[in-house]
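Report on one structure; see the data block that follows.
Residue numbers (this note's numbering): 1338 to 1739.
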């Protein structure tokens, strides 16, 4: 604060000028300066009432200015504290940003490392696949070579009549001695001998509940005739086998065993393939669901014998649908003069009481058969004997119907 005091000359009436100044707080102190100058002004003149009033007014104004300065200083202090707090906050945020940046750099470094590892693993995997492919090709060539060497030691004899209970080794030895005129054929070591195909054994059909679900899996093998690759051997072509349909798509363990039996025997399923059963209808129905469990198995060579095949509607006597098929063949057996008419016995309900009485007479025997059961063979024997008792009793009651 600057105080500028100008002494007034004794005979001069010039007015003193005060220079307004501002302190650091922005408070105008021009009036205060003049008042202070007047207060500090030495004078020998006695103080008049007007001078005292002026002095008091100046003191009051000075106090007001001082209070205003204090308020401004408080505001400055608060502003300074706010700036300091903001600075600390930004400083902490800056520290957090630095930490985040460091973490991002760490993640980026790890990602680059992982990417490099993935590329390395991918490269090693590709190399391993190439090695496995080359090894597979090598093994395939070696297997083919072994097969060719094995076949080079095999001899195939054809046009040799087949007899019952044939011993192939003895048949070959006899052929070498009689037809090929080889001396001492017994010195020839035959590791194994067998016929490429068995003689015709007749027509075989398998029909019934097989508890097997085979879905739509092929029940025959493609290209299973190896003799067509051998020269000078009569080739037997199998008939064209159509694809099989089935409404049951599931395959269970018994179904896989049934398929293996079909592969071994050459039998195929007529279901979903022959006759009117083109869609492979369900043959078994319960509250838990539906399935195909009942089959007709037949060799493809015998397809021509089946003129029709279909799955009939379910009835109240069983949860299995009946399988119906028609056979078309010529009966070449000689006639045995079998009568065309047969006598059947029709049950008479009036004989019920007599039949029950006969069973009461056999009660002790029936109970004895049941009580003597101890093994599975006993069960089968008891069932056979009980059935015979029921059968004989029924005929004994109805003997007057013959």
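Backbone N, C-alpha and C define an ideal beta-carbon position, used for all residues, glycine too.
Counterpart residues of residue i in DSSP-defined beta bridges
{"i": "residue 1542", "result": "1635"}
{"i": "residue 1605", "result": "1635"}
{"i": "residue 1628", "result": "1621"}
{"i": "residue 1420", "result": "For residue 1420, which the question treats as bridged, DSSP gives no partner whatsoever."}
{"i": "residue 1664", "result": "1643"}
{"i": "residue 1657", "result": "1621"}
{"i": "residue 1551", "result": "1588"}
{"i": "residue 1648", "result": "1660"}
Proximity of residue i and residue j at Cβ, strictly below 8 Å
{"i": "residue 1588", "j": "residue 1552", "result": "yes"}
{"i": "residue 1595", "j": "residue 1547", "result": "yes"}
{"i": "residue 1543", "j": "residue 1466", "result": "no"}
{"i": "residue 1592", "j": "residue 1550", "result": "yes"}
{"i": "residue 1512", "j": "residue 1497", "result": "yes"}
{"i": "residue 1612", "j": "residue 1646", "result": "yes"}
{"i": "residue 1631", "j": "residue 1644", "result": "no"}
{"i": "residue 1583", "j": "residue 1527", "result": "no"}
{"i": "residue 1578", "j": "residue 1557", "result": "yes"}
{"i": "residue 1523", "j": "residue 1510", "result": "yes"}
{"i": "residue 1648", "j": "residue 1695", "result": "no"}
{"i": "residue 1656", "j": "residue 1623", "result": "yes"}
{"i": "residue 1710", "j": "residue 1716", "result": "yes"}
{"i": "residue 1532", "j": "residue 1499", "result": "yes"}
{"i": "residue 1692", "j": "residue 1719", "result": "no"}
{"i": "residue 1541", "j": "residue 1636", "result": "yes"}
Buried versus exposed call for residue i [16 or more other C-beta atoms within 10 Å across all chains shown]
{"i": "residue 1426", "result": "exposed"}
{"i": "residue 1614", "result": "buried"}
{"i": "residue 1369", "result": "Any reading at residue 1369 must be qualified, since the residue scores a pLDDT of 42, below 50, and its modelled position is unreliable; the value itself is stated next. Residue 1369 should be labelled buried."}
{"i": "residue 1545", "result": "exposed"}
{"i": "residue 1707", "result": "exposed"}
{"i": "residue 1376", "result": "In this prediction, residue 1376 scores a pLDDT of 44, lower than 50, which makes its location untrustworthy; no coordinate-derived value is stated."}
{"i": "residue 1617", "result": "buried"}
{"i": "residue 1492", "result": "exposed"}
{"i": "residue 1479", "result": "exposed"}
{"i": "residue 1732", "result": "exposed"}
{"i": "residue 1621", "result": "buried"}
{"i": "residue 1471", "result": "exposed"}
{"i": "residue 1585", "result": "buried"}
{"i": "residue 1721", "result": "exposed"}
{"i": "residue 1658", "result": "buried"}
{"i": "residue 1448", "result": "exposed"}
{"i": "residue 1517", "result": "exposed"}
{"i": "residue 1660", "result": "buried"}
{"i": "residue 1398", "result": "exposed"}
{"i": "residue 1581", "result": "buried"}
{"i": "residue 1353", "result": "For residue 1353, the predicted structure reports a pLDDT of 40, less than 50, and the residue's modelled location is therefore unreliable. A value from the coordinates is still provided. Classification of residue 1353: exposed, given that the 10 Å Cβ count is below 16."}
{"i": "residue 1420", "result": "exposed"}
{"i": "residue 1443", "result": "exposed"}
Contained beta strand (DSSP E) runs [length at least 3] in the stretch 1671 to 1730, N- to C-terminal order
As for any beta strand (DSSP E) of minimum length 3 sitting wholly inside the stretch 1671 to 1730, there is none.
Within the chosen definition, does the stretch 1700 to 1718 reach the stretch 1683 to 1692 through at least 3 CB pairs nearer than 8 Å?
Fewer than three beta-carbon pairs drawn from the stretch 1700 to 1718 and the stretch 1683 to 1692 are found closer than 8 Å, and the two stretches are therefore not classed as touching.
With a cut-off of 8 Å, do at least 3 Cβ pairs link the stretch 1625 to 1640 to the stretch 1604 to 1613?
Three or more beta-carbon pairs separated by less than 8 Å link the stretch 1625 to 1640 to the stretch 1604 to 1613, which places the two stretches in contact.
Can you list, in chain order, the stretches of the beta strand (DSSP E) that have 3 or more residues and sit fully within the stretch 1394 to 1447?
For the beta strand (DSSP E) assignment, the stretch 1394 to 1447 encloses no uninterrupted run of at least 3 residues.
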